[in-house]
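In our numbering, the protein residues as written are 144 to 519. Just so you know, even glycine gets a beta-carbon here, dropped at the ideal spot from N, CA and C.
Here is the structure:
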């Protein structure tokens, strides 16, 4: 039987998505669009059109994926998704196809558009790693099992590290650690890994170049290098402060116009200048409800790989949100991580919708029947 249902009506489409997740993702998307519309004069009309188009395409993709049975997809195409993910990441190393941005090879040039493979691979990796965890859940603490999981994760994270995109690699690492914790990995492994990190870091430190050392040293204290490494973080924080309590208004504000990556990495700073402290609190509350709902779905599906998928996506939202807001406030190093749903970008916007399509599929094919029948 095909994983896609035979007849899909408008009513069935609405019933196939989780209402709380749908509300959160549409609310965040509206916040993003209002910010981009307000700054279109600075960002450019092309940015606005791209964001509108990717949101529209993402919503369509979300509803379609919601009607796929995630269990059949994982069972039939899991290994294929893993190979496809690794191959997609390798495209950045192909001459004349990979786009070199400074020290990073994170994008591929497809002519009229550029695509960031690592954004789309988040969805496929979360799906395949969740399936792997579900398969080995009864022997998760066995060294041989951990070796297999490490190989699975290491291939994907290793390719991203080789491309030079440390920020995205950190997001993947956060997803992996939280998924392993949720799967029941012993705390002794986490303590052992932490202890090993403490030992290895002083050995690796002298081998880092000066720029990398400064990114770490001044990333947490940008005031110590205000004209160098800390400049963007300080400008981002100043832009947030300028918003005050209520903000300068949708079309107001001037600080964001001089801000580096004001529509992508520092979109939170731009949003805060326009909508103020109240707007920032509203955004964070929506994110918290979002994550709470994903964790709730994960608990309901704890005997199914869908639980690990929801947990992995919740981890992605948390890691990216904390890091992005942290760097906009000058509290964490600037590593080029987007704010989910808020940041402009075709790859990041479309990819997050595709990722949440899997959550809706889990709701549609597992959780909804749990609520309707009162049992799993």
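What whole-angstrom Cβ distance do residue i and residue j have, given they're in contact under 8 Å?
| i | j | result |
| --- | --- | --- |
| residue 407 | residue 486 | 5 Å |
| residue 271 | residue 221 | 5 Å |
| residue 280 | residue 508 | Between residue 508 and residue 280 the Cβ distance is about 20 Å, and since that is not below 8 Å, they are no contact. |
| residue 429 | residue 205 | Actually they are not in contact, since the Cβ atoms of residue 429 and residue 205 sit about 17 Å apart, beyond 8 Å. |
| residue 378 | residue 403 | 7 Å |
| residue 181 | residue 417 | 6 Å |
| residue 299 | residue 232 | 7 Å |
| residue 223 | residue 234 | About 17 Å separates the two Cβ atoms, so there is no contact after all. |
| residue 177 | residue 194 | Residue 177 to residue 194, Cβ: 11 Å. No contact. |
| residue 361 | residue 167 | The pair is not a contact, with the Cβ atoms about 35 Å apart (cut-off 8 Å). |
| residue 387 | residue 419 | 5 Å |
| residue 473 | residue 380 | 4 Å |
| residue 415 | residue 510 | Going by Cβ atoms, the distance from residue 415 to residue 510 rounds to 34 Å, so no, they are not a contact pair. |
| residue 197 | residue 492 | 4 Å |
Taking the continuous beta strand (DSSP E) assigned at residue i, which residues delimit it?
| i | result |
| --- | --- |
| residue 247 | 247-252 |
The alpha helix (DSSP H) with residue i in it runs from where to where?
| i | result |
| --- | --- |
| residue 300 | 286-306 |
| residue 162 | 162-181 |
| residue 430 | 410-443 |
| residue 503 | 489-505 |
| residue 406 | Premise fails: residue 406 is in no alpha helix (DSSP H) and is neither H nor E. |
| residue 352 | No alpha helix (DSSP H) contains residue 352, which DSSP labels as neither H nor E. |
| residue 311 | 309-325 |
| residue 469 | 448-471 |
| residue 379 | 374-385 |
Excluding the five sequence neighbours on either side, which residues of its own chain have a C-beta within less than 7 Å of the C-beta of residue i, listed in chain order?
| i | result |
| --- | --- |
| residue 278 | none |
| residue 326 | 276, 280, 283, 451 |
| residue 374 | none |
| residue 314 | 459, 462, 463, 480 |
| residue 261 | 232, 249, 303, 308, 311 |
| residue 316 | 300 |
| residue 305 | none |
| residue 236 | 248 |
| residue 265 | 459, 494, 498 |
Does the beta-carbon of residue i have 16 or more other beta-carbons within 10 angstroms, so that it is buried, or is it exposed?
| i | result |
| --- | --- |
| residue 149 | With a pLDDT of only 47 at residue 149, under the threshold of 50, the placement of this residue in the model should not be trusted; the figure read from the coordinates follows. Counting Cβ neighbours within 10 Å, residue 149 comes out exposed, since fewer than 16 surround it. |
| residue 269 | buried |
| residue 427 | exposed |
| residue 226 | exposed |
| residue 322 | buried |
| residue 449 | buried |
| residue 385 | buried |
| residue 355 | exposed |
| residue 393 | exposed |
| residue 254 | exposed |
| residue 218 | exposed |
| residue 263 | buried |
So if DSSP puts residue i in a beta bridge, which residue, or which two residues, is it bridged to?
| i | result |
| --- | --- |
| residue 243 | 248 |
| residue 257 | 252 |
Can you list, in chain order, the residues of its chain whose CB lies under 8 Å from that of residue i, leaving out five sequence neighbours each side?
| i | result |
| --- | --- |
| residue 437 | 164, 453, 454, 456, 457, 460, 502 |
| residue 357 | 368, 371, 372 |
| residue 208 | 497, 500, 501, 503, 504 |
| residue 291 | 275, 279 |
| residue 466 | 310, 313, 314, 475, 478, 480 |
| residue 345 | none |
| residue 319 | 272, 296, 300 |
Does residue i come within less than 8 Å of chain B when only Cβ atoms are used?
| i | result |
| --- | --- |
| residue 313 | Chain labels in this structure do not include chain B; a single protein chain is all it has. |
Please go through the same chain and pick out, in chain order, the residues whose beta-carbon is closer than 6 Å to the beta-carbon of residue i, but skip the five residues on each side of it.
| i | result |
| --- | --- |
| residue 88 | Any property of residue 88 remains undetermined from this structure, which presents the chain solely from 144 to 519. |
| residue 496 | 201, 204, 205 |
| residue 537 | Absent from the structure is residue 537, since the part of the chain shown begins at 144 and ends at 519. |
| residue 159 | 209, 210, 507 |
| residue 185 | 400 |
| residue 267 | 224, 228 |
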